[in-house]
Amino acid sequence: MIIRVSDMIGRNESEKEIRIDISSAQLKDSEVLFDSDVRVTGKLISTEDKLIARLTAQFRAGLTCSRCTKVFFDHYVIEFEEVIDLDNPEIVEGELDFVELVRDNILVRMPTQPLCDEHCKGLCFVCGQDKNTHDCDCETEELDPRLAELKNLLDGE
Ligand SMILES: [Zn+2]
Ligand SMILES: [Zn+2]
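Convert by adding 78 to the 1-based position in the sequence shown; the result is the number in the working numbering.
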């Protein structure tokens, strides 16, 4: 996604409204499954020697739950500001390519330990069963070794 910035460079406080859609195919990532275009809105502001992007990215995406490993989809709204030096390699012949900038800002702001639900029960560490869908009896049979020791002591008395 290319924005012409040659008319802004070196001009103090020149502003440009941004409203672009980046297709999910352009943002392909192994951990974040973009399920819609990413709508990017906001402003690009120039100072004498920099450009400042104040942007909001909105999209639907799938993440893998860190407890039950299920992929769940949600709508995300991510706001960020990025200062762009004029020698940034994404500026070529007065045009700025936004894709990498938007992509990097989204990826660092996505949850690192995503949960499909804050009450997600996760997988049973014994049998691997998803405890959100079925309960298993594993935990009750497995007694914590320290508790088992205490139980033996009490039984012995
Ligand atoms: Zn989960
Ligand atoms: Zn189990």
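Built from N, CA and C at the ideal position, the CB exists for glycine as well.
Taking 5 Å as the limit, tell me which residues put their C-beta closer than that to any heavy atom of ligand 1, in chain order. In chain order, the hits are CYS143, ARG145, CYS146, CYS194, CYS198.
By alpha-carbon positions, which one of CYS146, ILE80, ASP152 ends up nearest to GLN104? The shortest Cα separation from GLN104 among CYS146, ILE80, ASP152 belongs to ILE80.
What do you get for LEU129, buried or exposed, if any count of 16 or more other CB atoms within 10 angstroms of its CB means buried? Its Cβ being crowded by 16 or more others within 10 Å, LEU129 is buried.
Check: THR136 C-beta below 7 Å from any heavy atom of ligand 2: Reading off the sequence shown, one finds Gln at residue 136, where the question assumed Thr. Flag unset: Cβ of GLN136 not near ligand 2.
What number of angstroms, rounded off, separates the C-alpha of MET86 from the C-alpha of PHE176? Approximately 16 Å between the Cα atoms of the pair.
If you follow the beta strand (DSSP E) that ASP152 is part of, which residue opens it and which one closes it? Element bounds for ASP152: 149–163.
Run the CB neighbour count on ARG89, radius 10 Å, all protein chains shown included, and call it buried at 16 or more, exposed below. Classification for ARG89: exposed.
Just list the beta strand (DSSP E) runs in the segment 106–148, keeping only unbroken ones of 3 residues or longer that don't cross its boundaries, in chain order. Qualifying beta strand (DSSP E) stretches, in chain order: 116–124, 128–142.
Rounding to the nearest angstrom, what Cα-Cα distance links LEU164 and ASP127 in this structure? When rounded, the separation of the alpha-carbon atoms in LEU164 and ASP127 is 7 Å.
In terms of alpha-carbon separation, which member of GLU95, GLY206, ALA135, LEU111 lies closest to LEU179? The shortest C-alpha separation from LEU179 is found at ALA135.
Quick one: using the 10 Å Cβ neighbour count with 16 as the cut-off for buried, is LEU122 buried or exposed? So LEU122 ends up on the buried side.
Measure the alpha-carbon distance for THR211 versus PHE151 and round it to whole angstroms. Taking the straight line joining both Cα atoms gives about 18 Å.
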